[in-house]
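Numbering that gives the first Met the number 0 puts the first residue of the sequence shown at 0, with every later residue one more than the last. Notes to accompany the following structure.
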Amino acid sequence: MQVVDAASSLRRALDEVRTGGEAVGLVPTMGALHAGHRSLIERAAGECAHVVVSVFVNPLQFDRADDLARYPRDLSADLALCAAMGVGTVFAPSVAEMYPEPPRTVVSVAALGARWEGVSRPGHFDGVATVVAKLFCLVGPSMAYFGEKDFQQLAIVRRMARDLSMPVSVVGCPTVREDDGLALSSRNALLTRSERRAATVLSRALEAGCAAGRGEDRPEAVARAMAAVVAAEPLARLDYAAAVDARDLSVPSALSAVPEVRLLVAAEVGQVRLIDNCALTAHGGATLAGSRRGRHNRTAGEPAPSA
Ligand code: AMP
Numbered sequence: 000m001q002v003v004d005a006a007s008s009l010r011r012a013l014d015e016v017r018t019g020g021e022a023v024g025l026v027p028t029m030g031a032l033h034a035g036h037r038s039l040i041e042r043a044a045g046e047c048a049h050v051v052v053s054v055f056v057n058p059l060q061f062d063r064a065d066d067l068a069r070y071p072r073d074l075s076a077d078l079a080l081c082a083a084m085g086v087g088t089v090f091a092p093s094v095a096e097m098y099p100e101p102p103r104t105v106v107s108v109a110a111l112g113a114r115w116e117g118v119s120r121p122g123h124f125d126g127v128a129t130v131v132a133k134l135f136c137l138v139g140p141s142m143a144y145f146g147e148k149d150f151q152q153l154a155i156v157r158r159m160a161r162d163l164s165m166p167v168s169v170v171g172c173p174t175v176r177e178d179d180g181l182a183l184s185s186r187n188a189l190l191t192r193s194e195r196r197a198a199t200v201l202s203r204a205l206e207a208g209c210a211a212g213r214g215e216d217r218p219e220a221v222a223r224a225m226a227a228v229v230a231a232e233p234l235a236r237l238d239y240a241a242a243v244d245a246r247d248l249s250v251p252s253a254l255s256a257v258p259e260v261r262l263l264v265a266a267e268v269g270q271v272r273l274i275d276n277c278a279l280t281a282h283g284g285a286t287l288a289g290s291r292r293g294r295h296n297r298t299a300g301e302p303a304p305s306a
């Protein structure tokens, strides 16, 4: 496995790989790798001869300096995990390497980037789209792997790649959860013991939304059922709960009016902001808890967003 921190050497190394006829698959991450990231790397390794994992905590997508400062980092553990998984190249650049000067060119995905996470974290998705576009240019992957855990991010990256005719297939991978339903996230490491217990409130809210969606056609009613679960958890503060059209993340006039409904929830648990989502299945039966760590939940195989 080669570990590269300079953009120029990355390009050279991958030019050689591509010249050798090997397909390059990219898994962009911010490090502190866990089983969710591992599932993306496994999927990439199954489909591409050469897997590149990028590890970069991108300052452009943080709207709060304290959030950026305390984001978990553990590069040596990340490198050990990547080496054990047969990753070909890890790209771990410094901030100065990625942004030698403040970028004047920023990728902004209109509408999709302005709702939900975009409201709570102004500029966040411009930062995400810009760094992903840069990584696509530097790595030149034919495939790139993103988690459904960050459903809005996945939708935005897909849309950016389509709008800008980027020659890369964006692959969405199902959310990996803990036994009790909590979606794996690097931010979970910041939770205290009691907050960790309370953090299951997000997946419980999604389950409540799925149950409420049975025989219900009003998105607001489903959102209310989700919000009520979060309101009952003293350590949690709801940011948003919504039932949306999976294609563009807008709230539909009726659930039955759209082909696929996605439930979204975001809440602060203690000082830690967490997000989660799942598909609202026609039978309303998603069960997020009880899936083994490292296993995909039952939304696996659902169509990824096409927005
Ligand atoms: P991050 O390091 O949090 O920026 O995440 C890097 C990639 O891993 C993103 O595409 C995430 O959506 C994905 N990811 C994070 N957590 C999970 C999870 N629990 N299951 C599947 N993918 C995940």
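Note that beta-carbon positions come from the ideal geometry of N, C-alpha and C, so glycine has one too. Quick caveat: nothing in here was measured; it's all calculated off a predicted structure.
Between the CA atoms of residue j and residue i - distance to the nearest angstrom
i: VAL3; j: GLY269; result: 37 Å
i: CYS172; j: LEU39; result: 7 Å
i: ALA278; j: ALA22; result: 31 Å
i: LEU74; j: ALA256; result: 46 Å
i: ARG161; j: ALA110; result: 15 Å
i: ALA83; j: ARG103; result: 39 Å
i: ARG37; j: ASP149; result: 15 Å
i: ALA265; j: ALA230; result: 12 Å
i: LEU287; j: ARG11; result: 43 Å
i: PRO99; j: ALA211; result: 50 Å
i: LEU9; j: VAL26; result: 15 Å
8 Å Cβ shell around residue i - same chain, five flanking residues per side excluded
i: GLU96; result: ASP4, ALA5, ALA6
i: MET159; result: VAL106, VAL108, ALA128, VAL131, ALA132, MET165
i: MET29; result: VAL54, PHE55, VAL56, ASN57, TYR70, SER185
i: ARG42; result: TYR144, VAL170, CYS172
First through last residue of the alpha helix (DSSP H) which encompasses residue i
i: PRO166; result: Note, PRO166: premise wrong, no alpha helix (DSSP H); not H, not E.
i: ASP125; result: 123–138
i: SER8; result: 6–18
i: LEU74; result: 74–83
i: ARG69; result: Neither: ARG69 is in no alpha helix (DSSP H) and is coded neither H nor E.
The beta strand (DSSP E) enclosing residue i, as first and last residue numbers
i: GLY146; result: 142–146
Counted within 10 angstroms of its Cβ, other Cβ atoms place residue i as buried (16 or more) or exposed
i: GLY180; result: buried
i: LEU153; result: buried
i: GLY214; result: exposed
i: SER193; result: exposed
i: LEU163; result: exposed
i: SER185; result: buried
i: GLY117; result: buried
i: THR191; result: exposed
Neighbour flag for residue i against chain D, beta carbons, 9 Å
i: TYR144; result: The structure shown contains no chain D; it holds only a single protein chain.
Neighbourhood of residue i by C-beta, 7 Å cutoff - its chain only, sequence neighbours within 5 removed
i: GLY122; result: ASP62
i: LEU234; result: SER193, GLU194, ALA197, VAL268, GLY269
Other residues of its chain near residue i: CB distance less than 6 Å, five sequence neighbours each side excluded
i: PHE124; result: GLY112, GLY117, ILE155
i: HIS49; result: VAL16, GLU21, VAL23, GLY87
Residue i beta carbon near ligand 2 (any heavy atom closer than 8 Å)
i: PHE145; result: With respect to ligand 2, the structure shown offers nothing to examine, as its ligands consist of ligand 1.
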